[in-house]
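>
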Amino acid sequence: MKTSDLVLIGSKGSVVALLGFALASFSYAQTDAAKDTLPPVPAGKEWKLIWQDEFTGTKLDETKWNRLGDWKRRDGFWVKEDAYLSGKGTLLLRTKKDGDRYTCGAVNTQGKFEHAFGYYVARCRMPKQPGHWPAFWMMGSGVGKVGDEGRDGTEIDIVEIPWRDGKVTFNLHWDGYGKDHKSAGTNTTVAALTEGFHDYGLLWTKEEYVFYVDGKEVWRTKAGGVSQVPEYLKLTEEIGEWGGDIAKAQLPDFFEVDYVRVYETSP
Ligand SMILES: [Ca+2]
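Encoded structure:
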């Protein structure tokens, strides 16, 4: 809470102060100060920023993103109105109760930005309430193709956070979601996970995946043989048991994204 919010306390003190606090709790991103900590590159090469969205302005750039919905997704619904810009330089994916149903927001870049290899990073503030989970992930049509392991497409979960105890998880899924489904994954714990913004990154080369949190390596793997095909980005909220009991959540709750940036090595 910034001290300026305290000045708002007037005759309707508690209400105004509460509003100020609510806004402060999801509005102040660190966009200007951000300088990504990039993985090391081979001698003679350097990182080049090839795609980004800083989520400035008041309207989501739909030349870059598809807003998903309105349709059922797991135990809730994806609705377009729950994916929107804060007006303070961030994307908000809201989880809310709407009548007797729970809804949340999701976006992807399918058909608008699909890419293989490089370094992908999103700076995010995670939600605090149970019953739903945020994720920054990559997906492609080849994920459903059985055979050739994950080389013909792998769901790459750069980060998923179904828990509220500081634990985060990184996962790969390939060869569809039926009887041939294969996966690999691991967990780690992030201090002060929901208190501020943290960077979640993926280095994807032809040989391996390396996962990062706040620029620090957390998992290195070649599981599935490594996807060799372009995939699109996804930022989603999902409602379901994996995230706990949504009936216990104080809603709305927010998954807030300061930016997404994609880098490639050059030349
Ligand atoms: Ca496959």
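Using the working numbering, read the sequence shown as starting at 45 and increasing by one per residue.
Idealized CB from N, CA, C, for every residue including glycine.
Just curious, the beta strand (DSSP E) that W122 is in, first and last residue?
Here the beta strand (DSSP E) through W122 covers G120 to W122.
> Using a 10 Å radius around the Cβ and a threshold of 16 neighbouring Cβ atoms, would you call L247 buried or exposed?
Under this definition L247 is a buried residue.
> When burial is assigned at 16 or more other CB atoms within 10 Å of the CB, is H242 buried or exposed?
By the neighbour-count rule (16 or more Cβ atoms within 10 Å), H242 is buried.
> Quick check on the burial criterion: 16 or more other C-beta atoms within 10 angstroms. Buried or exposed for K292?
Exposed, since its Cβ has fewer than 16 Cβ neighbours within 10 Å.
> Compute the distance between the beta-carbons of I205 and W177, then report whether it is under 8 Å.
Yes, Cβ-Cβ distance for I205 and W177 is below 8 Å.
> Below 6 Å CB to CB, which residues in the same chain sit around V187 once its five sequence neighbours on both sides are set aside?
Result list for V187: G197 and E199, in chain order.
> With distance defined between alpha-carbon atoms, name the residue in P274, P296, G269 and V257 nearest to R167.
Ranking the options by Cα distance to R167, first place goes to V257.
> Under a three-way DSSP split, which group does D344 fall into?
Limits of the chain in this structure are 45 at one end and 311 at the other, which puts residue 344 out of reach.
> Could you name each continuous beta strand (DSSP E) segment of 3 residues or more that falls completely within the segment 100 to 156, going from the start of the chain to the end?
Counting whole runs of 3 or more residues, the segment 100 to 156 contains the beta strand (DSSP E) stretches 115 to 117, 120 to 122, 127 to 129, 135 to 142, 145 to 148 and 150 to 152.
> Buried or exposed: D126, going by 16 or more other Cβ atoms within 10 Å of its Cβ?
Buried, since its Cβ has 16 or more Cβ neighbours within 10 Å.
> With L312 and T139 assumed to form a contact (beta carbons below 8 Å), what rounded beta-carbon distance in angstroms separates them?
Coverage of the chain is limited to positions 45 through 311, which leaves residue 312 absent and any answer about it impossible.
> Under 8 Å by Cβ, that's how I've got D80 and I290 pegged, so tell me the actual separation to the nearest angstrom.
Not really, about 34 Å apart at Cβ, beyond 8 Å.
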